[in-house]
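Presented below is the structure to which this report refers.
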Amino acid sequence: MAGMTCDICQGKVVASAKKENWFVCEYCGTEYPLEWMKAKFQKTQTVRLERIAQLKNQPLWLGGLEWCCLAVEADRALYITKNIVEERAYHKPFEYITWEDCTLRQYLNGEFLRRFSLQEQATIMATTLPNDNSTLYNQINGGNTTRDKIFLLSLAEARKYFSSNGDRVAKYKSNSSWWWLRSPGGRQVHAADVGTDGSVHDLGHTVIADDNGVRPALWLKLESVIAI
Ligand SMILES: [Zn+2]
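If you're matching positions, the sequence shown starts at 4 in the working numbering and goes up one per residue.
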């Protein structure tokens, strides 16, 4: 029953030490019966569920960027930037690579993450990410599972969280552009990506392509999103 506040002063209402089944405002001392508490709790729950239902249609601003909600789970919500935020290589130099060791992952969880205030950073959850082998050629290695605050979607996630190609189209500046996924492409020097028409490309592009777009994703603590 966290967050019950006094009708009069918005102070915190806690169980009364003196009267059984009564509650009292810590600040002004107003007493409330159990029925009041139950009704208040119901209302809070209703408001919370309404907020959650609205999240998927509501843009969110974080770190100076606009984010779209892709999924809501019990305690977290998945967001991706509305637009491609920049063009950058998946990895440099040209060599065999997986998401774990690529320079883009290092950048996103370092310099890029620091664009968020410390308060914003505290709402971003570190997430364990599977890194599956290539969908086309099993010998193309996806690498180890990673734990990241900021990441790129995988091929599976890009398919799962968008309902159509059109939904997946993203712009860099004002033009539709390619954007990287974290999954390996058709060779160990390629990473998968999404085309200008929003279609998913399992074969991908060479990791050193620095004109491919970056569309960061993150999981936010649901309670913090509801509070925004
Ligand atoms: Zn009060």
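Virtual Cβ for every residue (Gly too), placed ideally from N, Cα, C. Since the model is a prediction, treat every value here as computed from it, not as a measurement.
Asked, Found
"Tyr35 CB to nearest heavy atom of ligand 1 below 7 angstroms", "no"
"Cβ shell of Asp151 (< 8 angstroms), same chain only, five flanking positions each side left out", "Arg108, Leu111, Asn112, Ala129, Thr130 and Leu132"
"Opening and closing residue of the alpha helix (DSSP H) in which Gly169 lies", "Asn168 to Arg171"
"Contact under 8 angstroms by Cβ, Ala220 with Leu58", "no"
"Any 3 or more C-beta pairs closer than 8 angstroms across the segment 138-158 and the segment 209-219", "yes"
"Residue range of the beta strand (DSSP E) that includes Ala44", "Before going further, note that residue 44 is Phe rather than Ala in the sequence given. Looking at the DSSP string, Phe44 is not in any beta strand (DSSP E); the run it does join, the alpha helix (DSSP H), is Leu37 to Leu58."
"Near ligand 1: Cys9 beta-carbon under 7 angstroms from a heavy atom", "yes"
"Bridge partner(s) assigned by DSSP for Ala212", "According to DSSP, Ala212 bridges with nothing at all."
"For Asn235, the three-state DSSP class (helix, strand or coil)", "Outside the modelled stretch of the chain, which goes from 4 to 231, sits residue 235, for which no answer is possible."
"Residues that DSSP places opposite Leu107 in a beta bridge", "Beta-bridge pairing links Leu107 to no other residue."
"Inter-residue Cα distance where the pair is Met4 and Ala125", "For Met4, the predicted model reports a pLDDT of 46, less than 50, meaning its position is unreliable; a value from the coordinates is still stated below. Going from the Cα of Met4 to the Cα of Ala125 covers about 23 angstroms."
"CB contact flag (Val197, Trp181, <8 angstroms)", "yes"
"N-terminal and C-terminal residue of the alpha helix (DSSP H) that Gly85 is part of", "Residue identity check: residue 85 is Lys in the sequence provided, not Gly. Counting along the chain, Lys85 falls outside any alpha helix (DSSP H), and DSSP gives it neither H nor E."
"Val16, DSSP secondary structure in three states", "strand"
"Run of the alpha helix (DSSP H) containing Val228, from where it starts to where it stops", "Leu225 to Ala230"
"Own chain, CB closer than 8 angstroms to Ile87, minus 5 neighbours either side, in chain order", "Ala173, Lys174, Tyr175, Ser180, Trp182, Gly216, Val217 and Arg218"
"Same chain, Cβ closer than 8 angstroms to Ala92, five either side skipped, listed in chain order", "Thr106, Leu107, Val210, Ile211, Ala212, Asp213 and Asn215"
"Three CB pairs or more closer than 8 angstroms across the segment 140-149 and the segment 97-106", "yes"
"Cβ-heavy atom distance, Tyr30 to ligand 1, below 7 angstroms", "yes"
"Continuous beta strand (DSSP E) stretch holding Leu63: start and end", "Leu63 to Leu65"
"Stretch-stretch touch, CB-based, cutoff 8 angstroms, three pairs: the segment 20-28 with the segment 37-56", "yes"
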